[in-house]
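First up is the structure itself, then whatever we jot down about it.
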Amino acid sequence: MYPSSGHTNGYHDQQQQQPEQQRFVTTAQRPRVRRGPRGGGGGGVRSRDYGDGFRVSGEDNSQPPSQQAEQQNLAPCTDFDKAYFHSYAHVGIHEEMIKDRVRTDTYRSAILQHQRHIEGKVVMDVGCGTGILAIFCAQAGAKRVYAVDASDIAVQANEVVRANNLSDRIIVLHGRVEDVEIDEEVDVIVSEWMGYMLLYESMLGSVITARDRWLKPGGLILPSHATLYMAPITHPDRYTESIDFWRNVYGIDMSAMLPLAKQCAFEEPSVETINGENVLTWPHVVKYVDCYTLQIYELESVTTRFQFKSMMRAPFHGFAFWFDVEFNGPANVNANAQILLPGSPNPPSLDGVVKKKRTNPSDTLILSTAPEDPPTHWQQTLIYFYEPMEVEQDQVIEGSLTLSQSKENRRFMNIHLEYSSGGRSFVKESVMR
Amino acid sequence: MADTESQSAEEIKLIQKRVIIDGEYEGEEEELEEDEEEDWNDWGEDGDEELDSNFVCLFCDSNYTSCNELFEHCRLAHKFDFQGIRKRLGLDFYGSFKLINYVRSQVAQNGCWSCGVTCQSKEDLQNHLHETANLENVRLLWDDDNYLKPFMQDDMLLHSFSEEEEEEDAEDDYKASFDKDELMRHLGDIGVLNINEVNGGSTSEHHYESFKQNETKEPASSSNGQVVYKSLQPLITNGVLGDAEPTNIVNLSANKIKTVNDNYFGSYSSFGIHREMISDKVRTDSYRQALMKNPSLLTGAVVMDVGCGTGILSLFAAQAGATRVIAVEASEKMAAVATQIAKDNNLLRTTDQSDGNNSKSTGVMEVVKSMVEELDKSIKIEPHSLDVLVSEWMGYCLLYESMLGSVLFARDKWLKPGGAILPDTAIMYAAGFGRSCTSLPFWEDVYGFNMSCVGNELVQDAARIPIVDVVQDSDLVTHASVLQKFDLATMSPDDVDFTATIELEPKSDNAVANLTESKAALCYGIVVWFDTGFTSRFCKEMPALLSTSPYTPKTHWCQTLLTLRDPIAIASMGQQPGDNSAVVGSEKCPVTRLSLRISIARGVEHRSIDISMEASGVDAGGRKRAWPAQIFHLS
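Top to bottom, those sequences are chains Y and F. If you're matching positions, the first sequence starts at 1 in full-length UniProt numbering and goes up one per residue. If you're matching positions, the second sequence starts at 1 in full-length UniProt numbering and goes up one per residue.
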């Protein structure tokens, strides 16, 4: 936090011309608080100059990758993508992700749990990063692992593979799944694609592309299912710290800063850790994703209507978002789906269902980023209101939410939130950058 | 139930219509009562008197409930026919946006928007306003990107005039390719940008549009060619744009918009920084001590605060008994905030002396929105009349993005001979740091896998770019050494470019711990920090020190790390000479003296700095080795 936010010294006009956070984006900060290339405080890695030294596979071919992509009717690689991939070449992010033991341990357990599907089989790791999941798969006995990453981190992944004597089984491909070519189908796809609010960064699209290009029928995808939740929250401490702070600064009344402070603190979604006590109700399922059946177009826009009943009287400060992912085999009935009627032809959509408590008899491994579960580097994503709303117990909070890809940059996410309670209605628009 | 649901959905839609930039729509007056729904449904047609009377007239204080009413009023009462002008000039969204801001800015100075005459009072101006014959010429006056910046805060008019337009002329071709909300957002973004850096390439669609206009009509008349030149410049320099299809330009604009956004948010986070800076107790306490605990210095003093931000240092000075505090702040937004805070705390000096019945003029503090270098344009200050010059000008590594130059400018111009400058000293220190400061240990064992290559890559990156991070006392492997001292009272602005040579000695506790088994410590790089002093020279009663060292509580400046390409082994004298066959500086043959020649110079880019570092060492046997110089760029 400290080193990332940049110190201005008051010359704000100057500084506005010279974006603050850009200067540390290229520095390797150890106490990185952000997973990815988000703007704001410290994660502005995306602004790193991606002009030189960036390579995608296929560049040496006579055919530019975008043409290849067009021929196959795949999304061409945009500048935004390049910036995005390049941001992941920054090692600090990988350090942070690997240090997230909840994440890495769950993946390792999931790979071991599905060892019988992996042993002797061909695996692809989509967005391999430093290659840790690919290595886990090799360890689990995979015959061959294709580790694909468009970011320059692939160079490092290759080194890591070599240093651990796995070059014969792990093939690192430096390029996008849309652009790389392999000569065989794969039995398993493993990927850690989840972003903040699950869908931010939309790497899920790459997993789907890989599935459609190479996964054998009946093949395994890890994780197999994902669920995005939302819930109203109360967070008086955060509000006090960010806003009330200005009411008395060394005995000086700085309330004049309040409007700015609110805008600054609450205009954009904020990634931070809350705990179960902040949550006012059971969460609502915004989107349930089945990686085996999901189509890319479904990710362009997600809309849900919600209705909550506050379980307590409290100031209502905003909404929290989190997700979990499940590691199920393709044939397994998923843990959530047991509420289905037997013989139901298609697994119906679980979108919009208010989740109470997960029953999990089949011991499906779940990686959860919920406030009540151990913290992960994803934390939770919070959308705060400028002013809290007092809600009574059992007071209804309802409205709708639309998440859509930004036209400006498809890895950004527009969040359109309408909510009403106690006869007042509001609209909040924000962009996750 | 279903009924109320659909009703509330409708409410939302209506509200949505009224919410413009991604703001939340809330507040007492917007509160919705069930029985008011009728009114709500009417909204947009007749307009709701109570809820929407927030369109402020461009020329007088009257409020209107809709844009059309307002424009009608402007046309009849002030001879300003907005829609007519738009039609005649074919003004697009941006053009109209600029026009509104231009008119508002002129009116604020009692200036006539069309002929430029300045009137004595608002009333005079209102009487003066007239029809304009040559709109094309007048247009050049507002065709300036600066007018994309909303002149009036929360100017509802800017958010709404186009709604009318959309209904009126639906066949607006190229604008349709932009999402309106996005457009508004970008305009909001631009609002805080200082758009003077047009050449910096922040092309967004308004350039395209002005270009297009200039292309379709005759190139704008030469009476003010500079304006045209200015807005064409990015197009010309970008070359491609000239021949490109409009669609490409639109795409390119989207790219540029992102740049603009980045800049915007870059600047935006700077408001958070004020809280962080004030919350930085080490920083604020030291200034507070210097200002509040030295009554002989502050009582009755005339004080200037350069780059006042929220104004907290000025407020301290005012509380400490200064008779006049001039708080200078270049950011318009922050200057406005500082003014309000001073007012709220009854410390603002009301300059309007003629207004005798205003009993509130008790304060001593005045906030001037200006660069220090241009202060003369805004306020008259006698040369050499200040008793105290205070500023919190320090940047990372002391000199990065520092405001020191501006402080020294103010010192030379306005500080009395012998006047106090706070702080009055700045000292930079350097020390060697060890492996624990790097990421190497982490990558050595990741879930049992060796990922050292990743760590090495990281070190290579860090050997080019300084890292700002928190260093612990225990991370250091050498003693600290003074790199450079600055005396703020006497130094010249060019003194910030310097070269210094320092010697670093291994930390003695290393040697003590390893007396028997002589083991060298590996120095992975140099950490730089600074102290600034409020010494007894000026702070006679209570001197203060602001330290950003690894030994003292951390500050928001952290420390700055300069990483060596390869670590250098360092050991105390008195240990056995190393292995003569080994390379000097390796673990088998550590250096006993490590010298560093460090230069810091201001970079070409504004406020960036370049640092060069050359290491050399001597082993116990007197063999020398020099390492190649490394260049770091902090920008």
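Where a beta carbon is used, it is the ideal one built from N, C-alpha and C, also for glycine. Keep in mind it's a predicted model, so treat the numbers as computed, not measured.
Taking 9 Å as the threshold, the shortest C-beta distance from Y:S255 to chain F falls below it. Nothing from the region 198 to 215 of chain Y brings a Cβ to less than 9 Å from some Cβ of chain F.
By the Cβ test, the region 401 to 408 of chain F is in contact with the region 485 to 500 of chain F, since at least three Cβ pairs between them sit closer than 8 Å.
Per DSSP, reduced to three states, the secondary structure at F:S612 is strand.
Shown here for F:L99: same chain residues with a beta carbon closer than 6 Å to its own, the five before and five after excluded, namely W142 in chain order. Nearest CB-CB separation between Y:L403 and chain F: not below the 9 Å threshold. Assigned with DSSP and collapsed to three states, Y:Q113 falls in helix.
For the region 161 to 180 of chain Y, the residues whose beta carbon sits under 7 Å from a beta carbon of chain F are, in order, A163 and N164. Taking 9 Å as the upper bound on Cβ-Cβ separation, chain Y lies near no residue of the region 527 to 538 of chain F. Cβ proximity to chain F below 7 Å picks out Q156, E159, V160 and A163 from the region 140 to 163 of chain Y. It is roughly 7 Å from the alpha-carbon of Y:R176 to the alpha-carbon of Y:V148. Within chain F, the residues whose beta carbon sits less than 8 Å from that of Y:F245 are R275 and S279, listed in sequence order. In the structure shown, the three-state DSSP call for F:H633 is strand. Put simply, the CB of F:M152 is far from chain Y, with every gap to its CB atoms at 9 Å or more.
Bounds of any alpha helix (DSSP H) do not take in Y:E119, whose DSSP letter is neither H nor E. Contacts with chain Y (Cβ-Cβ distance below 8 Å) from the region 279 to 307 of chain F involve S279, T284, R288, V306 and G307, listed in chain order. Sixteen is the threshold: since fewer than 16 other Cβ atoms of the shown chains lie within 10 Å of the Cβ of F:T362, the residue is exposed.
According to DSSP, Y:P315 shares a beta bridge with Y:E390. By the rule that beta-carbons nearer than 9 Å mark a contact, F:E69 does not touch chain Y. The residue from Y:I243, Y:S206 and Y:P283 with its alpha-carbon nearest to that of Y:A150 is Y:S206.
DSSP places F:F97 in the helix class (H, G or I) of the three-state scheme.
Unbroken alpha helix (DSSP H) stretches of 4 residues or longer found wholly inside the region 507 to 594 of chain F: 508 to 513, given in chain order.
Interface annotation for the region 438 to 449 of chain F against chain Y: S439, F442, V446, Y447 and F449, criterion Cβ-Cβ distance under 7 Å.
A distance below 6 Å between beta-carbons, with the five flanking residues on each side excluded, links F:I467 to the following residues of its chain, in chain order: L561. In this structure, F:R602 is the residue among F:S547, F:R602, F:K588 and F:H556 with its C-alpha nearest to the C-alpha of F:D495. The residues L483, Q484 and I598, in chain order, have a CB closer than 7 Å to that of F:A500 in the same chain once the five nearest residues on each side in sequence are set aside. Scanning its chain for C-beta atoms nearer than 6 Å, with the 5 sequence neighbours on each side dropped, one finds around F:F632 the residues P466, L562 and I611, in chain order.
Under the 10 Å beta carbon count, Y:D105 is surrounded by fewer than 16 other beta carbons and is classified as exposed. Y:L215 is bridged by DSSP to Y:V186.
Chain-order list of chain Y residues neighbouring F:T350: empty, with the shortest C-beta distance near 16 Å, by a criterion of under 9 Å. For the pair F:T284 and F:M292, the CB atoms are not nearer than the 9 Å cut-off. Look at the region 364 to 385 of chain F: the residues with a C-beta under 8 Å from a C-beta of chain Y are M371. If you draw a 10 Å sphere on the C-beta of F:C115, you find fewer than 16 other C-beta atoms in it, and that means exposed. For Y:V148, the uninterrupted beta strand (DSSP E) run begins and ends at R144 to D149, by DSSP. Think of a sphere of 9 Å around the beta carbon of F:V454: the chain Y residues whose beta carbon falls inside it are V91, H94, E95, T130, I153, Q156, A157, E159 and V160, in chain order. Taking C-beta separations shorter than 7 Å and ignoring five residues to either side along the sequence, the partners of F:D579 in its chain run K588 and C589, following chain order.
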